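Undergrad: Quick one: structure below, then a few questions.
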């Protein structure tokens, strides 16, 4: 009798756990729900061996949440945006990825460089410690943030 009672609770209980875990997973999607976070403007400059790094994608992210990103201009300067409605980045400690080979999100105001037919595939200029195995971090605080990155083309960080 007790076994039948507990089995009758197993399916509805499992369903409730599934729904709760699904709802918790959805909490990580912040698109359109900007009130979940406090936002701050973030700008900065990226250099490689002391010279500005143009056309690099800078991404700030927090485990489990969407990212803010920006693309450097000819002077290595970037400005982060979350999406077309929200600029900046959420306040807090972020993991930072910088790469020179990327597929940019589709946004208004950014035109990717033209693809040249027959050209070799682009090769990432930066060391993996700046992208795939990033060691870069940043702390976004309330108010305007200027966060610069001095990158090096050699592991020792020497020119």
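Numbering (mature numbering (1 follows the signal peptide of the UniProt record, and there is no 0)), first residue to last: -23 to -1, 1 to 136.
No residue lacks a Cβ here, since even glycine has one placed at the ideal position from N, Cα and C.
These numbers come from a predicted model, not from an experiment.
#1: Just how far apart, CA to CA, sit residue 32 and residue 120?
#2: At which residues does the beta strand (DSSP E) containing residue 33 begin and terminate?
#3: Based on the DSSP secondary-structure assignment, which residues constitute the bridge partners of residue 17?
#4: So, for residue 47: in the same chain, excluding its five sequence neighbours on each side, which residues have a beta-carbon less than 6 Å away from its beta-carbon?
#5: Let me make sure I understand the geometry here. Which of 70, 126 and 80 has the alpha-carbon closest to that of residue 16?
#6: Let me check understanding here. Comparing Cα to Cα, which of 97, 110 and 93 lies closest to residue 75?
#7: Which first and last residues belong to the beta strand (DSSP E) in which residue 116 is found?
#8: Quick check: is any heavy atom of the ligand GDP less than 7 Å from the C-beta of residue 46?
#9: How far does the beta strand (DSSP E) with residue 47 in it reach, from first residue to last?
TA: Considering the structure as presented:
#1: 26 Å
#2: Taken as a continuous stretch (DSSP letters only), residue 33 belongs to no beta strand (DSSP E), as it is neither H nor E.
#3: 66
#4: If you ignore the 5 residues before and after residue 47, its C-beta comes within less than 6 Å of the C-beta of 35, 55, 56 and 57, all in its own chain and listed in chain order.
#5: 70
#6: The candidate whose alpha carbon is nearest that of residue 75 is 110.
#7: It spans 114 to 117 - the beta strand (DSSP E) in which residue 116 sits, taken as one unbroken run.
#8: The ligand GDP is absent from the structure shown, which contains no ligand whatsoever.
#9: 45 to 48
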